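Working notes, beginning with the structure itself.
In my numbering, the protein residues as written are 63 to 195.
What follows is the structure, given as structure tokens:
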């Protein structure tokens, strides 16, 4: 009886450690991809400015730079949030960008969030946001 109890406890500890490790790996992968996105955005900005600073008017330059900002700060970050919805960082990013998703999209994404993250304040904020009209 004691051995069986010990085996169950050991199994639960192993499962807990694996779950923590996976969560940690997802957050690390999110950080890597986020850092890459930041580098890419900086590079695109520099490249655009270098190639067009003498050719375009200031207003056209600003509109074009705004387009680059929207692409990286919203569109590509939305993809990052969706891809990493099973991580705390992904849920946090979704919460930050929630006004750029419709509520139905958020509802669908929240169904994919693991139980261990459902106590997170970002998850709670998203649940509150989709339930408000």
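Glycine included, each C-beta is placed from N, C-alpha and C at the ideal position.
The model shown is predicted, which means the values in this text are computed figures rather than measured ones.
- In this structure, the beta-carbon distance from residue 99 to residue 142 falls below 8 Å.
- Counted as a single uninterrupted DSSP element, the alpha helix (DSSP H) harbouring residue 158 occupies residues 150-158.
- For the stretch 78-149, the continuous alpha helix (DSSP H) assignments of 4+ residues that do not extend past its boundaries occur at 120-132, 138-145, in sequence order.
- Here residue 168 really is in contact with residue 160; their C-beta atoms are around 6 Å apart, less than 8 Å.
- Between residue 184 and residue 153, the C-beta spacing is below 8 Å.
- Counting C-beta atoms within 10 angstroms of its own C-beta, residue 114 has fewer than 16 neighbours from the protein chains shown and is therefore classed as exposed.
- With fewer than 16 neighbouring CB atoms inside 10 Å of its own CB, residue 87 falls in the exposed class.
- Apart from sequence neighbours up to five positions away, the residues of its chain that approach residue 96 with a beta-carbon distance below 7 Å are 142, ordered along the chain.
- Rounded to whole angstroms, the gap between the alpha carbons of residue 106 and residue 193 is 38 Å.
- Each residue's CA atom was taken as its position, placing residue 119 and residue 111 some 12 Å apart.
- Residue 122 and residue 128 have their C-alpha atoms roughly 10 Å apart.
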